[in-house]
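These notes are about the structure you will find just below.
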Amino acid sequence: MTTPAARPAAPTAHPTAPTTRPASTAAHPASVAAQITGIGWLTPLGRGVPEVFRALAAGRSGLTVPPAGHPAAGWLRAAGIAPDVPATEVLPATETRCADRFLLLALAAADDALADAKLMVRQDTDPERVAVVLATGGGGLESYEQQAAARRERGRAAVSPYLLPGMLSNMAAARIAITHGIRGYSSAVITACAAGAQAVAEGLRLIRGGEADVVVCGGAEAPLHPTIAAAFDNSRALAAGWDDPTLASRPFDVRRNGFVLGEGSAVLVLERAEHAAARGAAAYAQLSGWGAATDAHHPTMPRPDGAGAAAAMRAALRSAGLDASAVDYVNAHGTGTKLGDRAEVSALREVFGGPGPLVGSTKGATGHLLGAAGAVEAAVSALAVAEGLLPPTLNLEQPDQDCELRHIRGTALRRPVRHALSNSFAFGGHNLSLVFGPPSITAKQLGTAEHLGIAAEQDGTAAGHDGTAAKHLGVAAGHLGEDS
Numbered sequence: 001m002t003t004p005a006a007r008p009a010a011p012t013a014h015p016t017a018p019t020t021r022p023a024s025t026a027a028h029p030a031s032v033a034a035q036i037t038g039i040g041w042l043t044p045l046g047r048g049v050p051e052v053f054r055a056l057a058a059g060r061s062g063l064t065v066p067p068a069g070h071p072a073a074g075w076l077r078a079a080g081i082a083p084d085v086p087a088t089e090v091l092p093a094t095e096t097r098c099a100d101r102f103l104l105l106a107l108a109a110a111d112d113a114l115a116d117a118k119l120m121v122r123q124d125t126d127p128e129r130v131a132v133v134l135a136t137g138g139g140g141l142e143s144y145e146q147q148a149a150a151r152r153e154r155g156r157a158a159v160s161p162y163l164l165p166g167m168l169s170n171m172a173a174a175r176i177a178i179t180h181g182i183r184g185y186s187s188a189v190i191t192a193c194a195a196g197a198q199a200v201a202e203g204l205r206l207i208r209g210g211e212a213d214v215v216v217c218g219g220a221e222a223p224l225h226p227t228i229a230a231a232f233d234n235s236r237a238l239a240a241g242w243d244d245p246t247l248a249s250r251p252f253d254v255r256r257n258g259f260v261l262g263e264g265s266a267v268l269v270l271e272r273a274e275h276a277a278a279r280g281a282a283a284y285a286q287l288s289g290w291g292a293a294t295d296a297h298h299p300t301m302p303r304p305d306g307a308g309a310a311a312a313m314r315a316a317l318r319s320a321g322l323d324a325s326a327v328d329y330v331n332a333h334g335t336g337t338k339l340g341d342r343a344e345v346s347a348l349r350e351v352f353g354g355p356g357p358l359v360g361s362t363k364g365a366t367g368h369l370l371g372a373a374g375a376v377e378a379a380v381s382a383l384a385v386a387e388g389l390l391p392p393t394l395n396l397e398q399p400d401q402d403c404e405l406r407h408i409r410g411t412a413l414r415r416p417v418r419h420a421l422s423n424s425f426a427f428g429g430h431n432l433s434l435v436f437g438p439p440s441i442t443a444k445q446l447g448t449a450e451h452l453g454i455a456a457e458q459d460g461t462a463a464g465h466d467g468t469a470a471k472h473l474g475v476a477a478g479h480l481g482e483d484s
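Under UniProt numbering, think of the first position of the sequence shown as 1, with each following residue one higher.
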């Protein structure tokens, strides 16, 4: 595990970043993109931008059996466990009693993201022009469970007053604002597994609307404890029957039978291009568009035809001012459930036709991080654009005949990415799609492909990357013909 990047020293001169409110861009939404100048994440693959992305590109799995002493030990057969965060790293020593794990993960990711962006809010910009939007599906579930047990065992007086600042879903955003002096708009998003992506989309909306110069946005989730594990297991949503936890998460594979529950966080720093350029910042990519739609179908099951997902993708492309043919890579929601994967494939075929863009799901490596998943995958998509490197879908040994696409299988694929699209779908029928492209300011890169020794694919090779793409594309085209 790498240590977080050191914070930059405070400037000695007055801030140079512009702090005047820009004219509203609402009339021309596709003309404004948000520059992604910082990323921080804690995932089952580690902590730190280079470490996690290199692990994804190398095809490493972060899934394991919860060890003895872990809250989920004996309750989950496979899980994605994020690095630990000492409470004193992110909170004053006097306030660590309200330190739920989701809160620690959120604060650590925000610290890392702002350090990566080389941005100190109080010194470098107008704090009233900085916003924070942080998502979570469940908030401080572990704190609630612990205090509920204390009440049952010892009565009313045993319940800590620190439960509320530890468990409330808005507290991640509030704590990030308190720590960094952010005094602009702040909000919490709770749209389940689409929440992380929706928080990032909200960041673009705030920048386009002229309401913020900088938005600190993302998601955090810590669901690895008995009650949540039992609920998902009893609903038959979790992968089962795999002795090796690294094989359990199998998006789009014919043997998939559910997802692997994971925890983690990701925070992105979005900036208005002029603001970032004025302070000499560089960006991995830009967030060019977003789209949302609702299934209005069922509390937990997606529409089988993927109509809501397709509507979200089309809206995201309109928001970015792009045609579907401009997208080279899709980071799929791809959880590994039978119904969910099929519905997403139907939506992708409707939006992109054949042969369509290259598709990968990083949940094969991380598991499903619920409210943090969309933020993690937004970061993956931004780095795919920056690095020209597409991580593979792990354990996709034999694609389901109903899930045939241009899958990235086996090894990462190195090639230029004009635009990437990331999907996040949720219980309740929430569908969110984000579109990323090259930055409009100075670009920054990690050099992941060079570090791992991954050679560039030659033109014409990408379509056959999985070794059986010709057959796959033929099947996909056949499905498209039947659907039309």
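Every residue gets a Cβ at the ideal spot worked out from N, C-alpha and C, and that includes glycine.
I believe residue i touches residue j by the beta-carbon criterion, under 8 Å. Please report the beta-carbon distance rounded to the nearest angstrom.
{"i": "residue 141", "j": "residue 42", "result": "No, residue 141 and residue 42 are not in contact; Cβ-Cβ is about 17 Å, not under 8 Å."}
{"i": "residue 216", "j": "residue 267", "result": "6 Å"}
{"i": "residue 368", "j": "residue 335", "result": "5 Å"}
{"i": "residue 407", "j": "residue 399", "result": "6 Å"}
{"i": "residue 391", "j": "residue 376", "result": "Between residue 376 and residue 391 the Cβ distance is about 12 Å, and since that is not below 8 Å, they are no contact."}
{"i": "residue 373", "j": "residue 424", "result": "6 Å"}
{"i": "residue 313", "j": "residue 347", "result": "7 Å"}
{"i": "residue 452", "j": "residue 53", "result": "That pair is no contact at about 10 Å."}
{"i": "residue 134", "j": "residue 219", "result": "7 Å"}
{"i": "residue 310", "j": "residue 351", "result": "5 Å"}
{"i": "residue 440", "j": "residue 273", "result": "5 Å"}
{"i": "residue 251", "j": "residue 396", "result": "7 Å"}
Run the CB neighbour count on residue i, radius 10 Å, all protein chains shown included, and call it buried at 16 or more, exposed below.
{"i": "residue 295", "result": "buried"}
{"i": "residue 161", "result": "exposed"}
{"i": "residue 26", "result": "In this prediction, residue 26 scores a pLDDT of 43, lower than 50, which makes its location untrustworthy; the coordinate-derived value is nonetheless stated afterwards. The residue is exposed, with fewer than 16 neighbouring Cβ atoms inside 10 Å."}
{"i": "residue 325", "result": "exposed"}
{"i": "residue 271", "result": "buried"}
{"i": "residue 146", "result": "buried"}
{"i": "residue 286", "result": "buried"}
{"i": "residue 137", "result": "buried"}
{"i": "residue 213", "result": "buried"}
{"i": "residue 331", "result": "buried"}
{"i": "residue 180", "result": "buried"}
{"i": "residue 125", "result": "buried"}
{"i": "residue 77", "result": "buried"}
Are the Cβ atoms of residue i and residue j separated by less than 8 Å?
{"i": "residue 113", "j": "residue 39", "result": "yes"}
{"i": "residue 429", "j": "residue 258", "result": "no"}
{"i": "residue 224", "j": "residue 68", "result": "no"}
{"i": "residue 436", "j": "residue 382", "result": "yes"}
{"i": "residue 79", "j": "residue 262", "result": "yes"}
{"i": "residue 293", "j": "residue 315", "result": "yes"}
{"i": "residue 378", "j": "residue 173", "result": "no"}
{"i": "residue 64", "j": "residue 282", "result": "no"}
{"i": "residue 62", "j": "residue 44", "result": "yes"}
{"i": "residue 108", "j": "residue 89", "result": "yes"}
For residue i, name the three-state secondary structure that DSSP assigns.
{"i": "residue 486", "result": "Residue 486 lies beyond the residue range present for the chain, which begins at 1 and ends at 484; the question has no answer from this structure."}
{"i": "residue 329", "result": "strand"}
{"i": "residue 223", "result": "coil"}
{"i": "residue 250", "result": "coil"}
{"i": "residue 23", "result": "Residue placement at residue 23 is poorly supported in this model, since its pLDDT is 46, which falls under 50; the coordinates are not used for a value here."}
{"i": "residue 462", "result": "Residue confidence for residue 462 is low, a pLDDT of 42 falling below 50, so the modelled location carries little weight and cannot support an answer."}
{"i": "residue 288", "result": "strand"}
{"i": "residue 349", "result": "helix"}
{"i": "residue 229", "result": "helix"}
{"i": "residue 107", "result": "helix"}
{"i": "residue 515", "result": "Absent from the model: residue 515. The displayed extent of the chain is 1 to 484, so no value can be given."}
{"i": "residue 127", "result": "helix"}
{"i": "residue 119", "result": "coil"}
{"i": "residue 293", "result": "strand"}
{"i": "residue 548", "result": "Lying outside 1 to 484, the shown extent of the chain, residue 548 is not represented and no answer is given."}
{"i": "residue 187", "result": "strand"}
{"i": "residue 275", "result": "helix"}
{"i": "residue 83", "result": "coil"}
Under 8 Å, Cβ to Cβ, is there at least one residue of chain B near residue i?
{"i": "residue 419", "result": "Here chain B cannot be found, since the structure has a single protein chain."}
The beta strand (DSSP E) that contains residue i, what's its start and end?
{"i": "residue 432", "result": "430-437"}
{"i": "residue 134", "result": "130-135"}
{"i": "residue 37", "result": "34-43"}
{"i": "residue 264", "result": "264-272"}
{"i": "residue 420", "result": "420-426"}
First and last residue of the alpha helix (DSSP H) that includes residue i?
{"i": "residue 203", "result": "195-208"}
{"i": "residue 151", "result": "141-154"}
{"i": "residue 53", "result": "49-57"}
{"i": "residue 381", "result": "373-387"}
{"i": "residue 405", "result": "First-last for residue 405: undefined, no H or E at that position."}
{"i": "residue 166", "result": "163-167"}
{"i": "residue 394", "result": "Segment: none, residue 394 is in no alpha helix (DSSP H) and carries neither H nor E."}
{"i": "residue 306", "result": "Careful: residue 306 lies outside any alpha helix (DSSP H) and carries neither H nor E."}
{"i": "residue 452", "result": "448-452"}
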